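Residue numbers (the working numbering), protein chains in the order written: chain F, 1363 to 1774; chain G, 5 to 456.
Ideal Cβ placement from N, Cα and C applies to all residues, glycine included.
It should be emphasised that the depicted structure is a prediction, and the values quoted were computed from it without experimental measurement.
Below is one structure, written out as structure tokens; the observations come after it.
Put into structure tokens, the structure is as follows:
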């Protein structure tokens, strides 16, 4: 029917057909997570093609980095992934330390584990909450933010800031944890554990949520690897890869002696690692995987984040103990005008949204000759177009939300 | 009301009385709509606040922020009334009025208690549903006339959804109509007086099922979450009212909240006893004398003035106020339930909404209808018959009436349409019978102008 031939091309009144509609979704759309702009080609509710447009938050961060010293650029890394600024600080700090071959004292190592995993929880809480918002459920968003606020309060005590911390710096951190902070952190973890089942009830196992996310935006492991997806997006497709295990030694040694799981379903059995989540001495099982869920769909990506939060709690609990057991220096920041050797260094860390890489080339001066950031969200976003073909309009927020992109990191 | 005016001015059946009566009723109902919307928006804020572990409004108006909505209303009135360049100006401007008028007009036939109604209609059920169904026009017009693609999407969704959900909604509404044998809401409500076991929702398992389906479909019909696809903010910005501002925007909201109340109040009348509470306090206290009650009907004051004042005595007034309170309370409970659902669940997708309607709601409503019909036909015990509670009413009277007309019952089982045609005239006869025969009940006046 689509191509009915009309002899006279001027006769068009019998050629009844519907037009495709070209719609702009964003950059001011409420559910495009910042300033992402999607151009949709839609036939009614069915979207045939989605094209993401970037660049609305471009701030020349890399070029600025080539005009500032290594420590001066730390605040700019805050503004990349502003939802997990601590992890951005960490990535840059580690690459500078690699360049100048600086070894961190042990206490600083544990401090960094505590802070970066707290950052991961805070970030995943936003991811979880806004995903609920994308699907039309407002309440989990505020539940997530309520918990995030507690983390931000703790961060505020540590460094005085609630969003752009500039706390972890090359050389360690700007200050040691304040006295009594670890107790407050323990208190937070105890009450946070109570909230996790609530969040599972509101979203993970909610039948409407499952029907909106299960089987939507299925990405195979092959495709995830091909597009360079990392982080929960990659592990949601069943690829066992986490830089905290598989990364460079300078990064993985931070996690030496820690016990935690990589949250990733076994592609053969579709099973996730056993629950290690304990509360009041009882072992709480992870919620069941719903029947409709396919490995690599939106539901699995969401689930991986939810379970990673539990692993982060585990890590922080261990890190607090190790931190308290060690004494001495936590790692003073390097000098503001630290000379960078004429070498290059590149390093990727496991940020909440995936592998965040920083590349730096020194030239003997304190200002680096070249700075480059490899954004995880950028690669994760690149699957939007292939995933959003022939879906319904309402699935676009579901898919884009499950990729959990932060435009500040993509545009830099 | 018109009779009362007649009586006051000593005139007889004048157009003037009807005009005054209509104006008074209109103003009263307008207050219900406006104040109701104010209350519900404030309630929604407080409830969502509590659900989300925050406080909601706390400052405006002293305690509890109870004047917050009024403050917002003043702000909205002060806002600029913007019409987009691409909009169809006339349709764009008229759309919110149609929406508000539709949900406002539906209140005319809604009895708040026996005799407390804008206009008695023997086809009140039909009227309310039909007028409420007009509200979809405002959404379609708003979406079409806005000149925005997002608004158009909202309108398309609304059209598809509301029209589909009217099918199971109508099938659910037919069940109480069939059991009671009338479309008069006052009569349906009065047939459920007495203890709560008399409520139609407990009549048999199928009416229970029907009540649940009705509420689901009503939620979808008034565009509340999880069916609020027409204004899905995460997909369609704000859906059909994206381009509206100021007062016009607030009219859409008033329409939405008053429709919510209408469908909840209709649910309470059709299934949950309407103005009759779970325990007939007014009966127990003897507020409703079983004799000498003209219910303020036309004969009462036309024949002698004393009859009118006898009908208007304090006890009856108290009983009616109780009834209005009951109905409003039940309506508010229904609205609260909708709010609770809205703030707990994600939104469905359009195909899932349609699937739910066509694959679940329509068949279940059909099962409810057929089951309830069979229950009546086989004369199986109602919920009331299973409980040994003191009776203040002859609840069984309509089943008695039905068993007399078995041919009618068979006709009902045949088709939905035939029920409405066959039952309505015969219901009228029967109700007038009932008011004269059953001395214990509050007689139900169905004549024109029989209200207060």
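8 angstroms Cβ cutoff, residue i in contact with chain G
i, result
"residue 1570 (chain F)", "yes"
"residue 1664 (chain F)", "no"
"residue 1573 (chain F)", "yes"
"residue 1407 (chain F)", "yes"
"residue 1383 (chain F)", "yes"
"residue 1765 (chain F)", "no"
"residue 1508 (chain F)", "yes"
C-beta neighbour in chain F for residue i, strict 8 angstroms
i, result
"residue 166 (chain G)", "no"
"residue 298 (chain G)", "Confidence in residue 298 (chain G) is poor, its pLDDT being 38 and thus under 50, which makes the residue's placement unreliable; the coordinate value appears in the next sentence. Chain F, which has no Cβ nearer than 8 angstroms to the Cβ of residue 298 (chain G), makes this no."
"residue 149 (chain G)", "no"
"residue 12 (chain G)", "no"
"residue 19 (chain G)", "no"
"residue 415 (chain G)", "Since pLDDT at residue 415 (chain G) reaches only 49, below the 50 mark, its modelled position is unreliable, and no value is offered."
"residue 86 (chain G)", "no"
"residue 412 (chain G)", "Note that residue 412 (chain G) has pLDDT 49, beneath the 50 cutoff, so the model's placement of it is unreliable and the number below is only indicative. Judged by the 8 angstroms Cβ criterion, residue 412 (chain G) is not in contact with chain F."
"residue 30 (chain G)", "no"
"residue 229 (chain G)", "yes"
N-terminal and C-terminal residue of the beta strand (DSSP E) that residue i is part of
i, result
"residue 1720 (chain F)", "1716 to 1723"
"residue 1404 (chain F)", "1399 to 1405"
"residue 1732 (chain F)", "1732 to 1736"
"residue 182 (chain G)", "Element bounds for residue 182 (chain G): not the beta strand (DSSP E) but the alpha helix (DSSP H), 153 to 184."
"residue 1384 (chain F)", "1383 to 1387"
Contacts of residue i in chain G (Cβ-Cβ under 7 angstroms)
i, result
"residue 1499 (chain F)", "349 and 350"
"residue 1391 (chain F)", "241"
Range covered by the alpha helix (DSSP H) that runs through residue i
i, result
"residue 1570 (chain F)", "1569 to 1575"
"residue 1614 (chain F)", "1611 to 1614"
"residue 1545 (chain F)", "1543 to 1561"
"residue 248 (chain G)", "That residue, residue 248 (chain G), is in no alpha helix (DSSP H); it is neither H nor E in DSSP."
"residue 229 (chain G)", "Where residue 229 (chain G) is concerned, there is no enclosing alpha helix (DSSP H), given that its DSSP letter is neither H nor E."
"residue 1480 (chain F)", "1468 to 1496"
"residue 190 (chain G)", "189 to 194"
"residue 1712 (chain F)", "Counting along the chain, residue 1712 (chain F) falls outside any alpha helix (DSSP H), though it belongs to the beta strand (DSSP E) covering 1706 to 1713."
"residue 330 (chain G)", "318 to 346"
"residue 1536 (chain F)", "First-last for residue 1536 (chain F): undefined, no H or E at that position."
"residue 1593 (chain F)", "Neither: residue 1593 (chain F) is in no alpha helix (DSSP H) and is coded neither H nor E."
"residue 1507 (chain F)", "1501 to 1521"
"residue 1771 (chain F)", "1769 to 1773"
"residue 380 (chain G)", "366 to 381"
"residue 358 (chain G)", "354 to 359"
Neighbour list for residue i in chain F, Cβ cutoff strictly below 8 angstroms
i, result
"residue 58 (chain G)", "1504"
"residue 16 (chain G)", "Near residue 16 (chain G) there are no residues of chain F at all, since even the closest Cβ is about 59 angstroms away, more than 8 angstroms."
Within chain F, the residues that residue i reaches when beta carbons sit closer than 7 angstroms
i, result
"residue 266 (chain G)", "Near residue 266 (chain G) there are no residues of chain F at all, since even the closest Cβ is about 24 angstroms away, more than 7 angstroms."
Contacts of residue i in chain F (Cβ-Cβ under 9 angstroms)
i, result
"residue 355 (chain G)", "1407, 1754 and 1756"
Contact set between residue i and chain G, taken where Cβ atoms lie within less than 9 angstroms
i, result
"residue 1494 (chain F)", "350"
Chain B within 8 angstroms of residue i, Cβ atoms only
i, result
"residue 344 (chain G)", "This model lacks chain B altogether, as its protein chains are F and G."
Start-end ranges of the alpha helix (DSSP H) lying completely within the segment 14 to 60 of chain G, minimum 4 residues = Fully contained in the segment 14 to 60 of chain G are the following alpha helix (DSSP H) runs of length 4 or more, in chain order: 19 to 55.
Give, in chain order, every unbroken run of the alpha helix (DSSP H) that is at least 4 residues long and sits entirely within the segment 1402 to 1449 of chain F.
-> Listed in chain order, the alpha helix (DSSP H) runs fully inside the segment 1402 to 1449 of chain F are 1423 to 1427 and 1436 to 1440, counting runs of at least 4 residues.
When Cβ atoms are compared, which residues of the segment 130 to 157 of chain G fall closer than 9 angstroms to chain F?
-> Result list: 153, 154, 156 and 157.
For the segment 35 to 64 of chain G, which residues have a beta carbon sitting closer than 9 angstroms to at least one beta carbon of chain F?
-> Residues of the segment 35 to 64 of chain G that bring their beta carbon within less than 9 angstroms of a beta carbon in chain F comprise 52, 55, 56, 57 and 58, in sequence order.
For the segment 273 to 288 of chain G, which residues have a CB atom closer than 7 angstroms to at least one CB atom of chain F, in sequence order?
-> Taking 7 angstroms as the Cβ-Cβ cut-off against chain F, none of the residues of the segment 273 to 288 of chain G qualify.
For the segment 1668 to 1693 of chain F, which segments carrying the beta strand (DSSP E) assignment without a break, of at least 3 residues, lie completely within its bounds, in sequence order?
-> Taken in chain order, the segment 1668 to 1693 of chain F contains no complete beta strand (DSSP E) segment of 3 residues or longer.
Entirely within the segment 116 to 157 of chain G and at least 4 residues each: give me those alpha helix (DSSP H) ranges in chain order.
-> The qualifying runs are 128 to 137 and 139 to 149.
Can you list the alpha helix (DSSP H) stretches of 4 or more residues lying completely in the segment 61 to 109 of chain G, in chain order?
-> Here the runs fully enclosed are 72 to 82 and 93 to 109.
Write down every uninterrupted run of the alpha helix (DSSP H) in the segment 203 to 228 of chain G whose length is 4 residues or greater and which is fully enclosed by it, in chain order.
-> DSSP assignment within the segment 203 to 228 of chain G yields the following whole alpha helix (DSSP H) runs of 4 residues or more, N-terminal first: 209 to 225.
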